[in-house]
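Below: one structure, written as structure tokens.
In UniProt numbering, the protein residues as written are 1 to 376.
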């Protein structure tokens, strides 16, 4: 891929600037996006996982956001190969990952995850655990085989997230990210299709945000004041790509404001294509609107450096290289603070070094075969 001298120099200058997230100084503006890999048997990240993340940090990624990790609640997940963020062996494995990333010069946060009604009962790691959600409704709007969460369920899940955050700080991570996107549990509360509760946790946008805000507040109570808490959210869902939490900026603010007030330090706004405007009448994308409405640092994501969105990867399709001029323009306008890179970094651990070092001609198109191992 060839780029102009101007683009190369702009990329090096803009993306190499440090950025502060609460008490954490990230050495540059490039983050690795969280991507589920399923290479942790028994939920334990091993040497291959450690090398996978450390290699990206060594090549210049400023902030690693790990793949989603299940919190300590039996209904949180449905695979024994997805890493967990509870248990002695699991946390020992993650401590080694964090140490390796730090040794390589990067910073790292785990993404803490509960899948809610996406879970299929009978699946590992806890086969008897039911799927739970705000109303027992799946993302496609149908009633699932799970159930609506009770008050005890809510308290247990809040505690599980808070425990995981405290453990993350204890074993050496630089912050945490809460997974509130893509139709998983926290997002199921935020979205009116899946949240039909009639108690304090359902109703208008502010009420639907209450559960996530209580998780944020519980996390803040268990970690240091300068320990960054990032919240990832999206409009789209895994089974509903055209879904929207908010139709207007005002509706979006009603969701984000309680989260910011509860203690979110930065938002990670997940989109399929970062260059698309979010609302009519403005060129701002979702991350841009998030920063404008909350004043918090924001991370953008969505097909960075590629010509098509990641949905094609689910069908085994690759993606050609795409330019980053639009990204640089938006960052120069201070629309958002960081950019998370997914498939391009999955394909090429050296992506950040190549972009920061004017080696654009060495960039590689995405090949879906990269999903098959951690060795790329």
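Even for Gly, the Cβ is constructed at its ideal location relative to N, Cα and C.
Asked	Found
My output table needs one value for residue 15: the three-state DSSP class, helix, strand or coil.	helix
Among the candidates 303, 223, 95, whose CA atom is the shortest distance from the CA of residue 324?	303
Taking 7 Å as the cut-off, is the beta-carbon of residue 181 closer than that to any non-hydrogen atom of the ligand MG?	You won't find the ligand MG in this model; it holds no ligand whatsoever.
Let me make sure I understand the geometry here. Which of 197, 98, 301, 218 has the alpha-carbon closest to that of residue 53?	98
If we ignore side chains and look at the alpha-carbon of each, how far apart do residue 288 and residue 298 end up?	8 Å
What residues match up with residue 298 in a beta bridge as DSSP calls it?	267
Expressed to the nearest angstrom, what Euclidean distance is found between the alpha-carbon atoms of residue 72 and residue 119?	15 Å
Just tell me which of 271, 216, 263, 103 has its CA closest to the CA of residue 173.	103
Under 6 Å Cβ to Cβ from residue 275, same chain only, skipping five residues before and after it: list those, please.	326
Return the residue from the list 130, 24, 248, 235 that minimises the CA-CA distance to residue 281.	248
Does residue 53 come out as helix, strand or coil in the three-state DSSP assignment?	helix
Just verifying my parser: in three-state terms, what is the DSSP assignment at residue 351?	helix
Classify residue 143 as helix, strand or coil using the three-state DSSP reduction.	strand
Using the C-alpha atoms, what's the distance from residue 171 back to residue 45?	14 Å
Determine which residues share a DSSP beta bridge with residue 123 and list them.	Paired residues: none, contrary to the question.
Work out the CA separation of residue 263 and residue 68 for me, nearest whole Å.	21 Å
Taking DSSP as the reference, what is the three-state secondary structure of residue 249?	helix
In the DSSP assignment, what are the bridge partners of residue 373?	Its beta-bridge partners do not exist; DSSP assigns none.
What first and last residue would you give for the alpha helix (DSSP H) that runs through residue 78?	Counting along the chain, residue 78 falls outside any alpha helix (DSSP H), and DSSP gives it neither H nor E.
Helix, strand or coil for residue 364, going by three-state DSSP, please let me know.	coil
State whether the region 187-201 contacts the region 122-129, with contact taken as three or more CB pairs (one from each stretch) at a distance under 8 Å.	no
What are the residues that DSSP puts in a beta bridge with residue 63?	31, 107
Contact criterion: CB-CB distance below 8 Å. Does residue 236 meet it with respect to chain B?	The structure shown contains no chain B; it holds only a single protein chain.
Can you give the Cα-Cα distance for residue 47 and residue 90, rounded to whole angstroms?	12 Å
Let's see if you can read the secondary structure: which residues bound the beta strand (DSSP E) around residue 180?	176-182
In terms of alpha-carbon separation, which member of 370, 360, 368 lies closest to residue 6?	360
In the DSSP output, which residue or residues are listed as bridge partners for residue 339?	30, 300
Residue range of the alpha helix (DSSP H) that residue 161 falls in?	151-170
Looking only at its own chain, which residues have a Cβ that is under 6 Å from the Cβ of residue 183, when we skip the five neighbours before and after it?	139, 237, 238
Just curious, the alpha helix (DSSP H) that residue 215 is in, first and last residue?	205-222
Output the distance between the C-alpha atoms of residue 21 and residue 167, rounded to the nearest integer angstrom.	19 Å
Just to confirm my understanding: we take residue 101, look at its own chain, exclude 5 residues before and 5 after, and list those with CB closer than 6 Å. What are they?	53, 54, 57, 64, 108
Is the distance from the Cβ of residue 151 to the Cβ of residue 136 below 8 Å?	no
Can you grab the Cα-Cα spacing for the pair residue 240 / residue 342, in whole Å?	21 Å
Measuring alpha carbon to alpha carbon, tell me which of 84, 94, 283 ends up nearest residue 169.	94
Spell out the partners DSSP gives residue 24 in its beta bridges.	21
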